[in-house]
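Remarks on the structure that follows.
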Amino acid sequence: MSLSQQAEIVARMLRETNTRVVFAESCTAGLASATLATQPGISEFHCGGVNVYRNATKSAYLDIAPETLKQFGAVSSQVTEAMALSVLEKTPEANIAGAITGFLGPGDEASQDGQYFLSFAQHPGELQKRNLVRVKTWACQCRLQGRIQRQQEVAEQVLVTLANTLSRPRDAD
0 MSLSQQAEIV ARMLRETNTR VVFAESCTAG LASATLATQP GISEFHCGGV
50 NVYRNATKSA YLDIAPETLK QFGAVSSQVT EAMALSVLEK TPEANIAGAI
100 TGFLGPGDEA SQDGQYFLSF AQHPGELQKR NLVRVKTWAC QCRLQGRIQR
150 QQEVAEQVLV TLANTLSRPR DAD
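Under numbering that gives the first Met the number 0, think of the first position of the sequence shown as 0, with each following residue one higher.
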């Protein structure tokens with residue numbers, strides 16, 4: 000399935016579930032958000048996104064502590080989860096936030112090449128539980144080679160994971 004086809008599915012699911020999404024993207028540089036934004040009428044459900052490619056930007060825009068970045072590294076489950084939580088907190092109208100970090104190459108260490116982390120932070124369905132957040136993080140590996148191909152692969156996985164998350168009830172584990 001193409002990236003644009005996946006965006007079409009996600010747009011429909013956002014409408015059907017009356018869910019608003021926001022993104023914090025690093026290695027994809029906003030590609031998932033930009034692709035979703037191509038869908039007609041999406042502004043009702045797509046709150047936006049931040050492109051936080053550099054560590055200083057992660058700290059400035061999302062309040063990711065420099066100590067956290069130093070301790071775990073910019074590409075880690077801890078930082079990706081913190082990005083999702085922060086962008087959700089900073090976007091009160093959003094119900095769900097996706098975040099992505101990764102080593103898409105070229106030039107990364109062999110043990111890290113193609114590795115990426117994806118997190119979704121989500122409020123439960125009830126308004127009175129707005130202060131509660133459920134977070135799920137995945138460690139993934141790119142199948143494709145080439146930076147552009149990997150960015151597209153990872154952006155598509157962001158949208159696939161969002162669709163899978165939307166297909167489950169908000170209060171489910």
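Where a beta carbon is used, it is the ideal one built from N, C-alpha and C, also for glycine.
Problem - N-terminal and C-terminal residue of the alpha helix (DSSP H) that TYR60 is part of - result: 54-61
Practice task
Kindly indicate the opening and closing residues of the beta strand (DSSP E) around ILE95.
Solution key: Per DSSP, ILE95 belongs to the beta strand (DSSP E) from 95-101.
Problem - For HIS173: DSSP bridge partner residues - result: For the chain, the structure presents residues 0 to 172; residue 173 sits outside this window and is missing.
Problem - Sequence-distant residues of its chain with Cβ nearer than 8 Å to THR160 (five each side left out) - result: For THR160, where only same-chain residues beyond five positions count, the Cβ hits under 8 Å are GLY97, LEU117, PHE119 and TRP137.
Handout entry: Beta-carbon contacts of ASP172 that lie in its chain and below 6 Å, excluding the five residues immediately before and after
Key = In this predicted model, ASP172 has a pLDDT of only 48, less than 50, meaning its place in the structure is not dependable enough to derive any value.
Practice task
Rounded to whole angstroms, what's the CA-CA distance from ILE99 to PRO65? Just pull it up for me.
Solution key: 18 Å
Practice task
Would you decide whether ILE95 is buried or exposed? Buried here means 16 or more other CB atoms lie within 10 Å of its CB.
Solution key: buried
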